[in-house]
Structure formats: C-alpha cells, structure tokens
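Residues in the sequence shown are numbered from 1 upward in steps of one, following the UniProt record's numbering.
A quick write-up on the structure given underneath.
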Amino acid sequence: MSGVGNNGFAGLAPREGMGGAGGNATRCDTVPMTNDVPAGLEAGASLVTAMLSPVSGGLVRTWTEDGTRLWSVDDPDGLSELLGRGLIARTSVPDDRFRETVLLDAAAGTMLVLERIPGSAENTRDRAFRLGDPVRPERNPWTDLDDFLAAAAASAVERDEYWVVELGGWAAPHEPYCFFGVVDDEGERVAVIETAPVPRDTGVWPEVPDDGRPGTSVSSPASEDTIEAAGIFAVTAVESWGVAPWDVALTFGHRAP
C-alpha cells in the first residue's frame with residue numbers, strides 16, 4: 001500500500017465513518033432461558049448481552065453493563081470462525097454502525113452465540129461455548145489477531161462493509177482507532193486503511209512528519225493481497241496503543257454507494 005496524508009480520503013468517506021464509535025451502544029435486557037434450552041445451558045439461566053473481542057491466543061474478552069472479563073474458551077477456533085463475518089447477532093452503535101454481540105451467563109461460564117442463517121426457517125441458530133479462567137496463550141495472540149483481521153477484511157468487502165478496530169466496551173472513545181474499507185476513487189476500487197494516533201517506528205506504516213497531524217492512512221488498488229494486508233497494518237497500529245489483542249473490538253458499517 002502506498003502512503004497518503006491523513007486527509008487523503010476525506011472526500012470519499014465521512015470522518016465519523018472512519019473514527020471510533022464513541023457514545024453508548026444500544027443495550028438489551030437480561031434474557032431468562034426457559035424452553036428450548038440449547039445444549040450447554042441450564043433452564044432458568046439468566047443471560048445478558050455482551051460485546052466481545054476477537055479470539056486471540058485462545059482468549060476472549062467480554063464487556064457487559066457490569067464490567068469486563070477475560071476468559072479462556074473451550075473451542076477458540078470455532079468461536080473465531082463465527083466472528084467478523086456478518087454471521088452473528090449485532091447491536092447498533094452511533095453513526096449507523098454495528099458491533100457483534102453474544103449472550104453471556106458469567107456465573108456458569110457459558111456464552112451463547114446467535115448465529116444468523118440466511119434462508120432458514122427461524123433465521124437463527126444457537127451455539128454455546130464454555131468459558132473458563134484465562135490461561136497463558138500457547139500461540140502468539142498477535143498472529144491470531146492478524147489472521148482474524150485479514151479474514152474479516154475480506155468478508156467485509158464481500159458485504160460492502162468496512163470495519164474499525166477500536167477499544168472494546170459499551171462506550172468506546174473516538175481514538176485510538178484503525179479503519180479499513182474499500183472505496184471508489186474515480187471508478188477505481190481502492191483499499192484504504194487509516195489510523196490515529198500516528199504509529200511511529202513500526203517498519204510497517206510509512207513514516208510521516210511529526211507535524212501534529214491526528215492520524216495517517218495508506219491506500220492501494222484493491223486486490224486480494226492489499227485487502228489481506230489490512231491485518232498486519234491494523235495489528236501494528238494496535239500494538240502501538242499499549243493494549244493487548246483482547247482489549248479491542250471490531251465495529252462495522254455499510255460502505256457508502
């Protein structure tokens with residue numbers, strides 16, 4: 001990808017479509033489980049809506065109105081394959097965007113994923129995952145995050161969506177953030193990734209003058225390779241924020257026609 005200034009694509013997408021969500025997401029009430037209980041759940045369990053991080057190193061973080069918690073998950077690959085692909089339930093956040101959500105029984109250590117099945121009679125399928133105390137990752141969580149974001153980028157492009165990596169939680173700040181999307185630039189499809197604050201000395205992001213600019217972006221004609229590169233660019237930006245891979249979440253939005 002080639003470097004452009006931090007305002008290089010200001011005319012192609014609104015600034016609020018690129019930055020962090022900010023504000024408060026729409027919350028759902030506690031859901032008591034009674035009939036038709038999915039495998040892995042107990043009748044009478046109380047489930048609350050939770051946002052969640054990508055699965056990295058076998059760990060996932062959840063955020064509810066009561067706070068946040070880091071978990072190990074019994075099937076990390078199975079959960080990760082459901083996330084970031086437009087397959088599960090979402091909740092709205094400001095600026096007509098969305099975050100994926102699950103139902104959580106923290107006391108029992110159970111997460112219920114509502115998987116959307118296009119064309120099915122009931123449109124959803126429930127899938128339960130067992131959660132436990134976090135354990136030391138057996139593989140590099142940053143590599144997992146890179147792979148996840150690259151796959152999420154390809155999936156988002158297929159759905160005419162973009163994503164924003166930002167801090168997790170129900171009230172994410174506007175910064176830091178990292179945006180990825182494909183835009184139309186005079187008839188050419190261009191892959192764009194933008195981040196703030198400016199990453200320094202990464203070996204991945206181009207160096208830009210330290211002139212007070214709030215962020216920076218790179219762009220390249222959209223291809224399988226440049227879309228996949230969103231993973232390493234985003235991971236490098238997130239590493240510069242001083243957070244762990246499971247401290248961030250993905251926000252999605254629809255690409256402007």
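Using N, Cα and C, we set each Cβ at its ideal position, and we do this for glycine too.
message: Excluding the 5 residues flanking V164 on each side, which residues of the same chain have their C-beta closer than 6 angstroms to its C-beta?
response: Y177, F179 and T251
task: Return yes when the C-beta of D185 is under 7 angstroms from any heavy atom of the ligand PLP, and no when it is not.
output: Looking at this structure, you won't find the ligand PLP or any other ligand, since it has none at all.
message: At the level of alpha carbons, what is the spacing between A237 and D77?
response: 24 angstroms
field: Close-in-space but distant-in-sequence residues of the same chain around C28 (CB under 6 angstroms, 5 per side omitted)
entry: The predicted model places C28 with a pLDDT of 42, which falls under 50 and marks its position as unreliable; any figure quoted below should be read in that light. Once the five neighbours on either side are set aside, the close Cβ partners of C28 are T49.
query: First and last residue of the alpha helix (DSSP H) that includes G78?
result: P76 to S80
- prompt: If you draw a straight line from the C-alpha of P245 to the C-alpha of A156, how long is it?
  reply: 20 angstroms
task: Check whether the Cβ atoms of S56 and P173 sit closer than 8 angstroms, and answer yes or no.
output: no
- request: Measure the C-alpha to C-alpha separation of R85 and A249 and round it to an integer number of angstroms.
  value: 14 angstroms
- request: Report buried or exposed for V60, applying the criterion of at least 16 other Cβ atoms within 10 angstroms of its Cβ.
  value: buried
message: For the pair the region 202 to 219 and the region 125 to 140, tell me if three or more CB-CB distances fall below 8 angstroms.
response: no
query: Within this structure, are the beta carbons of R255 and G181 separated by less than 8 angstroms?
result: yes
- prompt: Since M111 contacts F98 with CB under 8 angstroms, what's their CB separation in whole angstroms?
  reply: The Cβ separation is near 19 angstroms, so there is no contact.
message: Assuming S72 and V135 are in contact, meaning their beta carbons sit under 8 angstroms apart, how far apart are those beta carbons, in whole angstroms?
response: 5 angstroms
query: How should S80 be labelled, buried or exposed, when 16 other C-beta atoms within 10 angstroms of its C-beta is the threshold for buried?
result: buried
- request: With distances taken Cα to Cα, identify the nearest neighbour of T64 among L103, D96 and R90.
  value: L103
- prompt: Does DSSP classify L250 as helix, strand or coil?
  reply: strand
- request: Provide the residue span of the alpha helix (DSSP H) that contains S155, from first to last.
  value: P141 to E158
query: If you run the structure through DSSP and keep just helix, strand and coil, what is A128?
result: strand
field: Three-state secondary structure (DSSP) of P221
entry: strand
field: V113 burial status per 10 Å Cβ neighbour count (16 or more: buried)
entry: buried
- prompt: Who are L83's beta bridge partners in DSSP?
  reply: According to DSSP, L83 bridges with nothing at all.
field: Whether V235 touches L145 by CB criterion (8 angstroms)
entry: yes
task: Indicate whether A222 and R189 have their beta-carbon atoms separated by less than 8 angstroms.
output: yes
- prompt: Once you ignore the five residues that flank R127 on each side, which residues in its own chain have a CB closer than 6 angstroms to its CB?
  reply: V113 and E115
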